[in-house]
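For the sequence shown, UniProt numbering gives the first residue as 1, with consecutive numbering after it.
Every residue gets a Cβ at the ideal spot worked out from N, C-alpha and C, and that includes glycine.
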Amino acid sequence: MVLLEAVQALAIDEPAGLLPARQQMALSLGWHIVLACFGVAFPALILVAHWRGVYRDDPDALRLARRWAKVSAVLFAIGAVSGTVLSFEMGLLWPGLMGPYGDVLGLPFAFEGLSFFVEAIFLGIYLYGWGRIPPRRHLLMIVPMAVAGVVGTYCVISVNAWMNMPVGFRVVDGEVVDVEPWAVLLNPGAVLQFAHMWIAAYMVVGFSVAGVYAAGMLRGRRDRQHRLGFTLPFVFATVAALVQPFVGHVLGLRIADTQPAKLAAFELAETTESPSPLRLGGVLVDGEVKGAIDIPGLGSVIARNSFTEPVQGLDTIPVADQPPVNITHLAFQTMVGIGTLLFVAVLVFWLARWRGRDLLQRRWFLRGAVVAGPLAVVALEAGWIATEVGRQPWVVYGFLRTPDAAGDNPDLWILLAATAVLYSALTVGAVVVLRSMARRWRAGDEDLPSPYGPEQGADGAVGTVER
1 MVLLEAVQAL AIDEPAGLLP ARQQMALSLG WHIVLACFGV AFPALILVAH WRGVYRDDPD
61 ALRLARRWAK VSAVLFAIGA VSGTVLSFEM GLLWPGLMGP YGDVLGLPFA FEGLSFFVEA
121 IFLGIYLYGW GRIPPRRHLL MIVPMAVAGV VGTYCVISVN AWMNMPVGFR VVDGEVVDVE
181 PWAVLLNPGA VLQFAHMWIA AYMVVGFSVA GVYAAGMLRG RRDRQHRLGF TLPFVFATVA
241 ALVQPFVGHV LGLRIADTQP AKLAAFELAE TTESPSPLRL GGVLVDGEVK GAIDIPGLGS
301 VIARNSFTEP VQGLDTIPVA DQPPVNITHL AFQTMVGIGT LLFVAVLVFW LARWRGRDLL
361 QRRWFLRGAV VAGPLAVVAL EAGWIATEVG RQPWVVYGFL RTPDAAGDNP DLWILLAATA
421 VLYSALTVGA VVVLRSMARR WRAGDEDLPS PYGPEQGADG AVGTVER
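In structure tokens:
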């Protein structure tokens, strides 16, 4: 059914640049969002590890902080490339959006750019500061880096929230007038949508980093550094996994009023039922749901916070205003399903620990911990697919349709191919560099050389700095 929906979309008379623009944005955003998660959440992990190393005199934690910072620098450099590509793509792929609405979106994007430079500057200071800045002052260099990552992400999410809930302008005779940039930055949907993404970033980073050390323990590296390297990010991932369902629920309650077509697709509600069932799985075929498992009444509880309020059915929404239902529904259920699985997994781990059982000694748990990172990434991608595809056929909900935002340039396919090659090369390069760093660390080479730095001694220090 997903393939059928794609074929049907191609059959519609659309601008020549629409399909390559969609594919290009899907590739760029899907690739970049994972790196953005590390920009948001990794500094907090580094901060906690460094704090523990300085104030609790924990050399293992300090070693982790230093290693994670260097990994963060590699990911940040790659993310800078993909972020630059995205900044050009907005105007190139969607002239119908950036032309009329550029003044509306300018302020959030400007603040995002400033945040990027602040994060880059303090990341450089932090990396260069090892052995050169007093430890407690050095620790403080992470704070502006972490804050800048959060602020930059909020600015980008506020733009996406504005596309879902447009505010801060009027359209008069086809012209966008009375622009209020601050209203866009502080639009009502931004805080909740940002919270959802922020927590998802901690799930992705927490489970991914913990999974790396779980893989090491599976290979027999069960020293304290590996246990600490697992536990610190797993604590962050645990809090995120436990909080995320509640934030997602509150965010979902808003959709019933702001985007009823998206909610109907999420719930696969072909008709309005009171109360609405929760549908697990299934697809919509010729207006009829096939293969779903219905749990009576639970759909109203989850989607409307009520035992009786219905979910508006797709039959009440014009076909031209409906999103691709099956893609939206399956992506949404994938996100929720993986989130629920991770929620249960962290509860099992901490309950077992409370009862005195060390699951880090169990190979089945370590294997599950390794898989949890990729699962968190899949949930992240599925959530964004549900959000973006579910908003279709609108770019700016209720104001600008996606075909009207695209250009008529068929040569965009060349750009898509070039971007795919670039991202493939960056992915391979990242894997090669990170694996090389890991091998050298395991061999005992803690202080990997950095260009233009002063010559260091055998112990990696450039001089004694008092606390």
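Straight-line gap, residue i to residue j (C-alpha atoms, nearest Å)
{"i": "Gly287", "j": "Asp223", "result": "58 Å"}
{"i": "Ala9", "j": "Arg22", "result": "Low per-residue confidence applies at Ala9: pLDDT is 45, beneath 50, and the placement is therefore not dependable, though the value from the model is reported in the following sentence. Going from the Cα of Ala9 to the Cα of Arg22 covers about 12 Å."}
{"i": "Ser158", "j": "Pro296", "result": "36 Å"}
{"i": "Lys262", "j": "Ser300", "result": "15 Å"}
{"i": "Thr464", "j": "Leu251", "result": "Below a pLDDT of 50, predicted positions are generally treated as unreliable, and Thr464, at 35, falls in that range; no measurement from the model is reported."}
{"i": "Ala241", "j": "Ala345", "result": "9 Å"}
{"i": "Leu268", "j": "Leu298", "result": "13 Å"}
{"i": "Leu3", "j": "Pro324", "result": "With a pLDDT of 46 at Leu3, under the threshold of 50, the modelled position of this residue cannot be trusted, and the question is left open."}
{"i": "Asp408", "j": "Leu18", "result": "7 Å"}
{"i": "Gly453", "j": "Trp130", "result": "Confidence is the limiting factor: at Gly453 the pLDDT is only 39, short of 50, which leaves the residue's position unreliable and the question unanswerable from this model."}
{"i": "Ala264", "j": "Val205", "result": "31 Å"}
{"i": "Arg221", "j": "Ala372", "result": "19 Å"}
{"i": "Pro59", "j": "Leu228", "result": "11 Å"}
{"i": "Gly337", "j": "Arg132", "result": "47 Å"}
{"i": "Trp394", "j": "Val428", "result": "35 Å"}
{"i": "Pro403", "j": "Thr308", "result": "38 Å"}
{"i": "Pro54", "j": "Leu62", "result": "The sequence as given places Val at residue 54; Pro does not occur at that position. When rounded, the distance between both Cα atoms is 7 Å."}
{"i": "Asn187", "j": "Arg391", "result": "17 Å"}
{"i": "Gly291", "j": "Trp354", "result": "41 Å"}
{"i": "Leu375", "j": "Val118", "result": "31 Å"}
{"i": "Leu341", "j": "Leu360", "result": "19 Å"}
{"i": "Ala16", "j": "Leu415", "result": "14 Å"}
{"i": "Gly339", "j": "Ile302", "result": "15 Å"}
{"i": "Val34", "j": "Leu412", "result": "24 Å"}
{"i": "Leu284", "j": "Pro181", "result": "40 Å"}
{"i": "Gly444", "j": "Phe246", "result": "44 Å"}
{"i": "Ser82", "j": "Ile317", "result": "37 Å"}
{"i": "Trp51", "j": "Phe266", "result": "43 Å"}
{"i": "Val431", "j": "Ala148", "result": "26 Å"}
{"i": "Trp198", "j": "Ile255", "result": "19 Å"}
{"i": "Ala379", "j": "Pro275", "result": "28 Å"}
{"i": "His138", "j": "Ala65", "result": "12 Å"}
{"i": "Ala110", "j": "Arg357", "result": "51 Å"}
{"i": "Asp57", "j": "Arg136", "result": "12 Å"}
{"i": "Pro20", "j": "Leu97", "result": "16 Å"}
{"i": "Ser436", "j": "Arg442", "result": "10 Å"}
{"i": "Val179", "j": "Pro95", "result": "19 Å"}
{"i": "Thr84", "j": "Phe169", "result": "28 Å"}
{"i": "Gly460", "j": "Ala237", "result": "Caution is warranted here: a pLDDT of 44 is assigned to Gly460, below 50, making its placement in the model unreliable, and no coordinate value can be reported."}
{"i": "Phe194", "j": "His249", "result": "14 Å"}
{"i": "Asn326", "j": "Gln259", "result": "17 Å"}
Which residues DSSP lists as bridging residue i, in chain order
{"i": "Ile293", "result": "Leu280"}
{"i": "Val311", "result": "Glu273"}
{"i": "Arg367", "result": "Answer is none; Arg367 lacks a bridge partner."}
{"i": "residue 475", "result": "In the structure as shown, the chain starts at 1 and stops at 467, and residue 475 therefore has no counterpart that could be examined."}
{"i": "Val285", "result": "Glu288"}
Cβ separation of residue i and residue j, assumed to be a contact under 8 Å, to the nearest whole Å
{"i": "Thr328", "j": "Val243", "result": "Contact flag wrong, Cβ pair sits at about 24 Å."}
{"i": "Ile385", "j": "Ala331", "result": "4 Å"}
{"i": "Pro277", "j": "Asp294", "result": "4 Å"}
{"i": "Ala36", "j": "Leu127", "result": "No, Ala36 and Leu127 are not in contact; Cβ-Cβ is about 20 Å, not under 8 Å."}
{"i": "Arg189", "j": "Met165", "result": "The question names Arg, but residue 189 is Gly in the sequence shown. So it is a contact: roughly 4 Å between Cβ atoms."}
{"i": "Val184", "j": "Leu107", "result": "7 Å"}
{"i": "Tyr213", "j": "His226", "result": "5 Å"}
{"i": "Asp315", "j": "Glu273", "result": "About 11 Å separates the two Cβ atoms, so there is no contact after all."}
{"i": "Ala201", "j": "Val40", "result": "4 Å"}
{"i": "Gln24", "j": "Thr419", "result": "6 Å"}
{"i": "Arg304", "j": "Val289", "result": "That belief does not hold up - the Cβ atoms of Arg304 and Val289 are roughly 19 Å apart, past 8 Å."}
Within-8 Å CB hit, residue i to chain B
{"i": "Ile125", "result": "Absent from the structure: chain B. Only one protein chain is present."}
Exercise. Are three or more beta carbon pairs between the stretch 123 to 131 and the stretch 347 to 360 nearer than 8 Å?
Worked result: At 8 Å Cβ cutoff, the stretches do not touch.
Exercise. Is the stretch 91 to 98 in contact with the stretch 53 to 73, if contact means three or more CB pairs nearer than 8 Å?
Worked result: no
Exercise. What are the uninterrupted segments assigned as alpha helix (DSSP H) that are 4 or more residues long and contained completely in the stretch 151 to 233, given in chain order?
Worked result: 181 to 185, 190 to 218
Exercise. How about the stretch 418 to 426 and the stretch 27 to 34: do they share at least three Cβ pairs that are nearer than 8 Å?
Worked result: Touching, yes, given that three or more Cβ pairs across the two stretches are closer than 8 Å.
For this session: Output the residue ranges of the alpha helix (DSSP H) runs that lie fully inside the stretch 241 to 274 and measure 4 residues or longer, sorted by chain position.
Result: 260 to 267
Problem set entry | At least three beta-carbon pairs within less than 8 Å, the stretch 196 to 212 to the stretch 228 to 235 | The stretch 196 to 212 vs the stretch 228 to 235: in contact.
Exercise. Does the stretch 138 to 153 come close enough to the stretch 113 to 120 to have 3 or more Cβ pairs within less than 8 Å?
Worked result: With the cut-off at 8 Å, the stretch 138 to 153 and the stretch 113 to 120 touch.
Exercise. At what residue ranges does the stretch 66 to 91 contain a whole run of the alpha helix (DSSP H), taking only runs of 4 or more?
Worked result: none
For this session: Return the chain-ordered ranges of every beta strand (DSSP E) run that is complete within the stretch 9 to 52 and spans a minimum of 3 residues.
Result: none
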